[in-house]
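A.B. asks: For what it's worth, our numbering labels the leading residue of the sequence shown as 42, then goes sequentially.
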Amino acid sequence: MLRLFLIGIFLAAAFFVWFFLTPSGSYWRYRAADTLITTQHRHWAKYLIGQQGLETRVAEYMKQFEEMGEERQNTEIQLPGGKDGGKDVNAAGDGEQPLTSVEEIDGKGYHGYILTVTDPTKVRLVVPNKVGRGELVSSMVKRTGALAGVNAGGFADPQWQGNGFQPIGLVITQGKIYYNGLGKDKSVQIVGLDKQGKMIAGRYSIQELLNLGISEAVSFEPRIIVNGKGLIKNHNSGWGIAPRTVMAQREDGAILFLVIDGRQPGYSIGADLYDCQQILLERGAVIAANLDGGSSTILVTEGGDIMNKPSSKSGKGRYLPTAFLVFDHPETVSVPNIWAGLKPGDIDPSKW
Numbered sequence: 042m043l044r045l046f047l048i049g050i051f052l053a054a055a056f057f058v059w060f061f062l063t064p065s066g067s068y069w070r071y072r073a074a075d076t077l078i079t080t081q082h083r084h085w086a087k088y089l090i091g092q093q094g095l096e097t098r099v100a101e102y103m104k105q106f107e108e109m110g111e112e113r114q115n116t117e118i119q120l121p122g123g124k125d126g127g128k129d130v131n132a133a134g135d136g137e138q139p140l141t142s143v144e145e146i147d148g149k150g151y152h153g154y155i156l157t158v159t160d161p162t163k164v165r166l167v168v169p170n171k172v173g174r175g176e177l178v179s180s181m182v183k184r185t186g187a188l189a190g191v192n193a194g195g196f197a198d199p200q201w202q203g204n205g206f207q208p209i210g211l212v213i214t215q216g217k218i219y220y221n222g223l224g225k226d227k228s229v230q231i232v233g234l235d236k237q238g239k240m241i242a243g244r245y246s247i248q249e250l251l252n253l254g255i256s257e258a259v260s261f262e263p264r265i266i267v268n269g270k271g272l273i274k275n276h277n278s279g280w281g282i283a284p285r286t287v288m289a290q291r292e293d294g295a296i297l298f299l300v301i302d303g304r305q306p307g308y309s310i311g312a313d314l315y316d317c318q319q320i321l322l323e324r325g326a327v328i329a330a331n332l333d334g335g336s337s338t339i340l341v342t343e344g345g346d347i348m349n350k351p352s353s354k355s356g357k358g359r360y361l362p363t364a365f366l367v368f369d370h371p372e373t374v375s376v377p378n379i380w381a382g383l384k385p386g387d388i389d390p391s392k393w
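1. Counting along the chain, where does the beta strand (DSSP E) carrying Met240 start and finish?
2. Within 10 angstroms of its Cβ, does Tyr308 collect 16 or more other Cβ (buried), or is it exposed?
3. Nearest-angstrom Cα distance between Gly358 and Glu262?
4. Asn331 bridges to which residues according to DSSP?
5. Report back the beta-carbon spacing between Gly303 and Ala283 to the nearest angstrom; my notes put them in contact at under 8 angstroms.
6. Take the Cβ of Trp201 as the centre, count every other Cβ of all protein chains shown within 10 Å, and call the residue buried at 16 or more, exposed below.
7. Could you tell me which uninterrupted beta strand (DSSP E) segments, each at least 3 residues in length, are contained entirely in the region 255-313, listed from first to last along the chain?
8. Quick one: which unbroken alpha helix (DSSP H) runs of 4-plus residues sit fully inside the region 160-235? Chain order, please.
9. Shortest alpha-carbon distance to Lys392 belongs to which of Gln92, Asp198, Asn277 and Asp346?
10. Tell me whether Asn204 is buried or exposed, calling it buried when 16 or more other Cβ atoms sit within 10 Å of its Cβ.
11. What does the alpha-carbon distance come out to for the pair Ile118 and Gly243?
12. Do Leu361 and Gly153 count as a contact pair if the criterion is CB distance below 7 angstroms?
13. Starting from the C-beta of Asn221, find all residues in its chain whose C-beta is less than 7 angstroms away, skip the five residues before and the five after it, and write them out in chain order.
14. Apart from the five residues on each side of it in sequence, which residues of its chain come closer than 8 angstroms, Cβ to Cβ, to Gly148?
15. Within 8 angstroms, do at least three Cβ pairs link the region 330-342 to the region 185-193?
16. Distance check for Met181 and Asn131, CA to CA, integer angstroms please.
17. Below 7 angstroms between beta carbons: does that hold for Gln230 and Gly271?
18. Can you check whether the CB of Thr159 is closer than 7 angstroms to the CB of Val374?
19. Please list, in chain order, all residues of the same chain as Gln305 whose beta carbon is under 7 angstroms from its beta carbon, the five residues on each side excluded.
20. In the DSSP assignment, the alpha helix (DSSP H) including Phe60 goes from what residue to what residue?
21. If you reduce the DSSP assignment to three classes, tell me which class Tyr151 lands in.
22. Under DSSP, the beta strand (DSSP E) around Val376 begins and ends at which residues?
23. DSSP three-state call for Ile78: helix, strand or coil?
24. Which word fits Met109, buried or exposed, when buried means at least 16 other C-beta atoms lie within 10 angstroms of its C-beta?
25. Please report the distance separating the alpha-carbon of Leu322 from that of Gly269.
26. Taking just the CA atoms, how far does Glu107 sit from Val267?
27. Helix, strand or coil, according to DSSP, for Ile347 in the structure here?
28. Given this structure, state the Cα-to-Cα distance separating Leu297 from Ala100, to the nearest angstrom.
29. If I measure Cβ to Cβ from Ala295 and keep anything under 6 angstroms in the same chain, skipping five residues before and after, which residues do I get?
30. Do Leu314 and Trp280 have their CB atoms nearer than 7 angstroms?
31. In three-state DSSP terms, what is Thr141?
32. For the beta strand (DSSP E) that Phe365 lies in, which residues bound it at each end?
33. Pick helix, strand or coil for Ile146, following the three-state DSSP scheme.
34. Nearest-angstrom Cα distance between Asp389 and Lys87?
35. Alpha carbon to alpha carbon, what distance is there between Val167 and Thr363?
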C-alpha cells in the first residue's frame, strides 16, 4: 500500500510539472481552459490559468473575433436566377440534385453532420409562435412544414436556464427587423443571407445591412472563413472544444450547415472552431461563421425528427428565439413578429 501511495504521489507530481511547467502541458491546459470558457462553468477556468489569465484570455478572443469580422466578402457566388453568373435551381434542385442532403462526418473526438442546401433562397429565419418563451427547433420544423432546420442566434441566458425568448443583437427575417437590441447607430457581428441568397457575415451596421439587401440574419460570431481563406490559425486559437453549429456557403451558392455534437464522452466530445473551419474549407466553403452552439446545437429533419444528439438535459435541444429552416416554398411561410411592441427591457429572459 505504501509503495502504491508513493507511486501515486510521484505520478501526481510528474503530471503537475508537465501540466503547468512544460510547453506541451501548457498547450493542453489552455485548451481545457478554453473549453470551460464555452460552458456555464467558465469561472472554473481560473483554476487552470488563474483569474487574470481567464480575463485576459476572454479579452483576447473578443478582440480576435472583432478583427475577424472586418474584412468584406468579395468572392463571386453563383446565385439562383442567373445573378453573378449563377444557375437556375428549383425547389427540387434542378431535377438532378435534391434541395437538401445530409452527410455524416467523423473526426478526432467528434461526430457530426453537414446539411447541404443547394438553393440558398430556400433558407428562412423562423422565430417562436408564442410570446414569453422560445421554441424547440423540432417544434418549429414540424409546425411550419420545413424540410430541415438548425439552431441560429444566441439569446439572454441567466444562470444558463433562460427561457429562450430574448435574442442577442439583431433578428431580421424577410428584410424586416424583428428585434433590435443594439440601440442607435451601432454595429454588430451578424450571420445571414441577402435577398438573392448570398451569405453575409461579419461586422455591419443596420444601415449597411439594409443597403446590402439583407433578408435573413441573426447576431453571432466569429466569422471563421472569408474570401475562401480560414481566419483561425490553429487549434490553440480555436476557442475550446464544444458542440458547434456553423453556417457556410460555397461558390456555387450552396449553403452548408455544420452541426457537431459534444460533451458526450464515448460518442462525441466536440470540436474547436479550427476543426470546423478545416471541415468546411475541405468542402469548398468561401465564407463561414459560427452560430450558437453548446446545448443549443441541433439538426432537425422533416417532420421534426432530431438527427443529432443534443447535449441538453432533455436531449431535444433548448428553447430558442431563432432557427434557420429550409422550405420548398419559403414565400408561403408566415412568420409573425412576436417581439412587436416590446423593448429589450420589457422582456424577462428568466421567467417561464
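Note that beta-carbon positions come from the ideal geometry of N, C-alpha and C, so glycine has one too.
C.D. replies: This is what the structure holds:
1. Met240 to Ser246
2. exposed
3. 20 angstroms
4. Val287
5. 5 angstroms
6. exposed
7. 255-260, 264-267, 285-291 and 296-301
8. 178-185
9. Asp198
10. buried
11. 17 angstroms
12. no
13. Leu211
14. Ala312, Asp316 and Ile320
15. yes
16. Residue placement at Asn131 is flagged as unreliable, the pLDDT there being 41, under the threshold of 50; the coordinate-derived value follows with that caveat. Between Asn131 and Met181, the C-alpha separation is close to 24 angstroms.
17. no
18. no
19. Lys350 and Ser352
20. Leu43 to Leu62
21. strand
22. First-last for Val376: undefined, no H or E at that position.
23. helix
24. buried
25. 7 angstroms
26. 14 angstroms
27. strand
28. 30 angstroms
29. Thr157 and Thr159
30. yes
31. strand
32. Ala364 to Val367
33. strand
34. 30 angstroms
35. 6 angstroms
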